[in-house]
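To start, the structure under review is shown below, and the notes come after it.
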Amino acid sequence: MTGGQALGILALGAYAPQRVMRNEEFEAYLDTSDEWIVTRTGIRERRIAAEDEYTSDLAFKAVEDLLKRHPGALEGVDGVIVATNTPDALFPDTAALVQARFGIQGFAYDLLAGCPGWLYALAQAHAMVAAGLARKVLVVGAEALSKILDWNDRATAVLFGDAGGAAVVGRVREGFGFRSFVLGADGTGAKELYHACVAPRLPDGTSMRNRLHMNGREVFKFAVRVMNTATLEAIEKAGLTPEDIKVFVPHQANLRIIDAARERLGLPWERVVVNVDRYGNTSTASIPLALKEAVDAGRIQEGDHVLLVSFGAGLTWAAAVLTWGGA
Ligand code: UT7
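Residue numbers for the sequence shown follow my numbering, beginning at 1 and rising by one.
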C-alpha cells in the first residue's frame, strides 16, 4: 500500500502505573458489585496514576520501556505524535514534552480522535514516512483518564484506567508491515461520549462540566457495529480473509464487545488478545499495551498477520492490518 515501500512497527513499549485498583474498592462506596462489573464488562482491576503522575509522565515511561527493549530505536526519528484525550494541558501539546524529554529533532503534535487516536496516529505516521516527510515517527498513546472521571458515577468510573504505549514507525523489509488502514468518524454521535474541560456549550446543550460523560448503551451498540464493519473492510483492503488473521488485538473496552467482534470474524479465543480484565479501558493506550503484552508472551511471530481495531468518542473508529516483523 506504499508504492513499493514497506512500512511497519520497528519498536514497541508500554507502561501502566503501579497502583492497582480492584473492583472491590468501588463496592465500598458505590452501589455496584464486582459481580456486576465482571459480568457486564470483563474488568477486574485497573491501574490508576499517582496524584502527581500525568499523561506526559505515562508517555515518558512508555518510551523509556521502548528504549529499554530496543536501544537506539529513536535514531532517525523525525517527529512525535501523541494520541491522547487527556493531555496535561490544552497547550502546549504533550508531544512537545516527549520531544524535549528524549531530545528528538523534528515535529511534535497531539492527535485527538477518541480511543482510536493511536491507530489514527499510526496511519498519519505511515503517510508521513511514505511521503518523505520523515524517516521514522514516534507514535505514543497515553491517558490519565482517572483525572477526568466522575468517581461517583458508577456507569463510567468502573470502566477506565491509565496507561501509555509507544511505537516507532518506519521502513521494514518487503513483505512485512502495514497492509491496510480504515479510519472513520460519525460526529452525529458526539453527544454519546464527551469530556468538556473548556467547552462553554456541549453537544447535548448543557454547559461545561469537568467530567467524562457517556451514554454507555448507545456507545455499546455503535461499537459492536463498527468493530464488525471496520475489521472486515481492513481485512479485505489487505487482500486477506478473516482466517488469515493470526492475532486480533481489539480495543480493550468491554469483553462482550470483543466477543461480538471475535464471533463475527469466526476467530477462536486463542487468536484474540484480551487484557481488559487487568487494565480496563485505557483509551489510546489500549492497543499498544495489549500488542506489547502479546509480543512479550510470544503470541505474535514474524510474518503473522495482525488485526487492530478501535472505537470511541467522536464517534470514531479505526482498523489496521499489518504483517508483523521485518525490522
Ligand atoms: O472506548 C469507548 C468507551 N466506551 C465503551 O466502551 C462503553 C460501551 N458500553 C458498555 O460497555 C456498556 O454499555 C456498559 C458497561 C457501560 C453498561 O453495560 P450495559 O449492559 O449496557 O448496562 P446498561 O447501561 O444497560 O445498564 C443496565 C443497568 C442500569 O440499571 P437499570 O436502569 O436497569 O436499573 C444501570 O443503571 O445497570 C446499571 N448500572 C450499574 N449497576 C451496577 C450501570 N453501571 C453500573 C455499575 N454497577 N457499575
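Using N, Cα and C, we set each Cβ at its ideal position, and we do this for glycine too.
Pull the bridge partners of residue i from the DSSP assignment, please.
i, result
"Val224", "DSSP lists no partner for Val224."
"Tyr194", "His213"
"Leu183", "Ala318"
"Ile9", "Val169"
"Phe178", "Leu322"
"Gly303", "Answer is none; Gly303 lacks a bridge partner."
"Gly141", "Ala83, Gly165"
"Glu45", "Arg22"
"Val98", "Looking at the DSSP assignment, Val98 forms no beta bridge with any residue, so it has no partner."
"Phe160", "Asn281"
"Val77", "Lys136"
Helix, strand or coil, according to DSSP, for residue i in the structure here?
i, result
"Thr323", "strand"
"Ala155", "helix"
"Val334", "No answer is possible for residue 334: it lies beyond the span of the chain, which begins at 1 and ends at 327."
"Ser310", "strand"
"Ala121", "helix"
"Pro17", "coil"
"Leu111", "strand"
"Asp65", "helix"
"Pro250", "strand"
"Asp93", "coil"
"Ser33", "coil"
"Thr2", "Its pLDDT being 46, under 50, Thr2 is placed unreliably in this model, and the value from its coordinates should be taken loosely. The answer is coil: DSSP assigns Thr2 none of H, G, I, E or B."
"Thr229", "helix"
"Ala260", "helix"
"Leu240", "coil"
"Gly189", "helix"
"Leu149", "coil"
"Ile104", "coil"
"Ile235", "helix"
"Asp296", "helix"
Quick check: residue i and residue j, are their CB atoms within less than 8 angstroms of each other?
i, j, result
"Ala285", "Gly165", "yes"
"His195", "Leu7", "no"
"Ala157", "Phe60", "no"
"Gly42", "Asn254", "yes"
"Arg179", "Val38", "no"
"Glu329", "Val63", "Since the first residue shown for the chain is 1 and the last is 327, residue 329 is missing from the structure and cannot be characterised."
"Val272", "Glu233", "no"
"Gln252", "Ala290", "yes"
"Gly76", "Lys136", "yes"
"Asn23", "Gly161", "no"
"Leu74", "Phe91", "no"
"Leu149", "Leu212", "yes"
Give me the Cβ distance between residue i and residue j, rounded to the nearest whole Å; I'm assuming they're in contact under 8 angstroms.
i, j, result
"Gly184", "Ala142", "The pair is not a contact, with the Cβ atoms about 23 angstroms apart (cut-off 8 angstroms)."
"Gly326", "Phe176", "2 angstroms"
"Gly288", "Ala14", "The residue you asked about is not Gly; residue 288 is Pro in the sequence shown. Between Ala14 and Pro288 the Cβ distance is about 5 angstroms, and since that is below 8 angstroms, they are a contact."
"Tyr54", "Ala144", "5 angstroms"
Let me see if you follow: with CB-CB separation under 8 angstroms, is residue i close to chain D or not?
i, result
"Gly239", "No chain D appears in this structure, which consists of one protein chain only."
Taking three-plus beta-carbon pairs below 8 angstroms as touching, is the region 91 to 101 in contact with the region 117 to 127?
-> no
Would you check if the region 76 to 88 and the region 101 to 110 touch, i.e. whether three or more CB-CB distances between them fall below 8 angstroms?
-> yes
Is there contact between the region 244 to 253 and the region 299 to 313, where contact requires at least three CB pairs shorter than 8 angstroms?
-> yes
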